[in-house]
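Here the structure is laid out as structure tokens; the discussion comes afterwards.
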Amino acid sequence: MRLADYNTYIILFCVVIGLGMLAGCVSLDSSESESSTLASEQNNPISSTIIGGRTGGAWSVFTEGVAESIRRENEDAVITVEPGGIVENPPTVGTNKIPYGLSYSMTAYAAYIGQEPYDKAYKDIRAVSVVIPANYYQFVVRDTFEYDSLDDVIEKQIPIRIAVDQKGSAGEIITRSILRSYGITYDDIISWGGSVDHLGGSKSFELMADKRIDIAGDAVSVPSNDILEASTKMKLKMLSLSKETIDFVSEDLGLVPGTIEAGGYDFLEKNVATVNTPALLLVNKEVSDREVYQVTKAIYNNLEYLRTVHKEFNNLKGENIIDVGEVPLHPGAEKFYREKGLIK
0 MRLADYNTYI ILFCVVIGLG MLAGCVSLDS SESESSTLAS EQNNPISSTI
50 IGGRTGGAWS VFTEGVAESI RRENEDAVIT VEPGGIVENP PTVGTNKIPY
100 GLSYSMTAYA AYIGQEPYDK AYKDIRAVSV VIPANYYQFV VRDTFEYDSL
150 DDVIEKQIPI RIAVDQKGSA GEIITRSILR SYGITYDDII SWGGSVDHLG
200 GSKSFELMAD KRIDIAGDAV SVPSNDILEA STKMKLKMLS LSKETIDFVS
250 EDLGLVPGTI EAGGYDFLEK NVATVNTPAL LLVNKEVSDR EVYQVTKAIY
300 NNLEYLRTVH KEFNNLKGEN IIDVGEVPLH PGAEKFYREK GLIK
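Residue 276 in numbering that gives the first Met the number 0 sits at position 277 of the sequence shown, and the numbers go up by one each step.
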């Protein structure tokens, strides 16, 4: 072999060896980086906040139940629960001021697309799961109220005194839709000599007990603490909605027909036809897929525990936990449900 060829051979040999060593280092660095990231994720406990309902209300109980499910499933998880409101929570989550929150599917979707009661769209809202499958619209009256349906009241233009929730709340929006199904507004009720007051549940029933309110309407869980408490002070009954009204409101607001079964309250002796909307756990889209996967898994794995928290959780099952309506699922939640075969 000539000296020139030998030198060329040595140079090429060194280049090949050098490239091999470099590739090994890159592979090692990449492997170590992936292992480091995985270890970091596994050793980084969930630390987050969920915004729920007013302190002492049923929604605060629901929220704490969800939080405890996450703690039970994830060692060292730190989950804080803060008070909130059905209408306020979607924008709070949508702007990532608080990453998780509860709301109705109706209000969550309205916030997502920028529909009443919201003046802009919050496109970063995502759904994790159904929490409470049904929250029913409930028209409550004193037992002595002489009419058993809205049809009679409206046909005869009875000057009813009606209490609805705060303007722009889910229940109040449903109330207006119910009246629209009859082709009337609050102004029509007032023109008949009636009145419309925007009041919270406890205040509504306080005035009803004083015979200053005839009807109180709102969308709440069954049983509602406000209605339970009111039933200890006066005899109550509940009005059903007509099929035509149920169909109209369901189409108008994206709700579904529902039935409050006899015995849902001690005073309820027969089924009540109405509309309902599930309550959802929402999350901001920026929360990691890994974390949302773990949160979804925690809720799913703790359904038995949740049923000990509130009787409304008895209706939450594997087959309806994904019925979140039109709000998109977070990819982390979707991954879990696909693994469980709940979605294809």
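Where is the CB? At the ideal position from N, CA and C, for every residue including glycine.
Neighbour-count burial assignment, residue i, 16 or more Cβ in a 10 Å radius
i	result
Glu338	exposed
Val77	exposed
Glu154	exposed
Val190	For clarity, residue 190 is Ser in the given sequence; the question names Val instead. With fewer than 16 other Cβ atoms within 10 Å, it is exposed.
Asn325	Position check: residue 325 holds Glu in this sequence, whereas Asn was assumed. Burial call: exposed.
Glu285	exposed
Ser151	Per the sequence presented here, residue 151 reads as Asp, with Ser not at that position. Label assigned to Asp151: exposed.
Ala261	exposed
Thr54	exposed
Thr295	buried
Of the listed residues the options, nearest to residue i (C-alpha basis)
i	options	result
Pro116	Pro277, Val139, Pro89	Pro89
Asn134	Ile159, Glu63, Phe144, Gly170	Gly170
Ile131	Glu205, Glu145, Gln114, Ser104	Ser104
Ile69	Ser59, Ile49, Arg53	Ile49
Asn73	Gly317, Asn314, Arg289	Arg289
Lys166	His197, Val274, Val152	His197
Leu240	Ala57, Gln137, Thr54, Gln114	Gln137
Ile85	Gly100, Thr94, Gly93, Ala297	Gly100
Lys119	Ile157, Thr91, Gln293	Thr91
Asn95	Lys122, Gly113, Pro82	Lys122
Ala218	Thr295, Gly182, Val255, Glu268	Val255
Arg179	Ile321, Arg71, Ile112, Glu250	Glu250
Between the CA atoms of residue j and residue i - distance to the nearest angstrom
i	j	result
Ala215	Ala110	26 Å
Leu328	Ala272	30 Å
Leu238	Asn319	27 Å
Leu252	Glu67	32 Å
Val139	Ser102	23 Å
Ile259	Asn43	44 Å
Val221	Ser46	32 Å
Ala208	Leu341	47 Å
Thr143	Met233	10 Å
Leu206	Lys316	38 Å
Asp147	Lys242	15 Å
Ile124	Ala107	8 Å
Ser26	Thr79	At Ser26, the pLDDT of 41 sits below 50, so the modelled position is not reliable and the matter cannot be decided from this model.
Thr184	Ser203	20 Å
Ser201	Phe61	20 Å
Asp75	Glu311	28 Å
Asn313	Leu235	25 Å
Gly263	Ile226	11 Å
Asn300	Ser287	20 Å
Val291	Tyr336	12 Å
Asp186	Lys343	49 Å
Val163	Lys334	40 Å
Beta-carbon proximity of residue i to residue j, cut-off 9 Å
i	j	result
Ile161	Gly193	yes
Glu279	Val127	For clarity, residue 279 is Leu in the given sequence; the question names Glu instead. It is a contact, given that the beta carbons lie within the stated cut-off.
Pro98	Asn270	no
Phe247	Ser176	yes
Tyr304	Gly64	yes
Ala277	Val323	Position check: residue 277 holds Pro in this sequence, whereas Ala was assumed. Contact flag set, yes.
Lys210	Arg306	no
Asp213	Ile159	yes
Ala57	Asn224	yes
Any non-hydrogen atom of the ligand SAM within 8 Å of residue i CB
i	result
Ile131	Only the bare structure without any ligand can be found here, which leaves the ligand SAM out of the picture.
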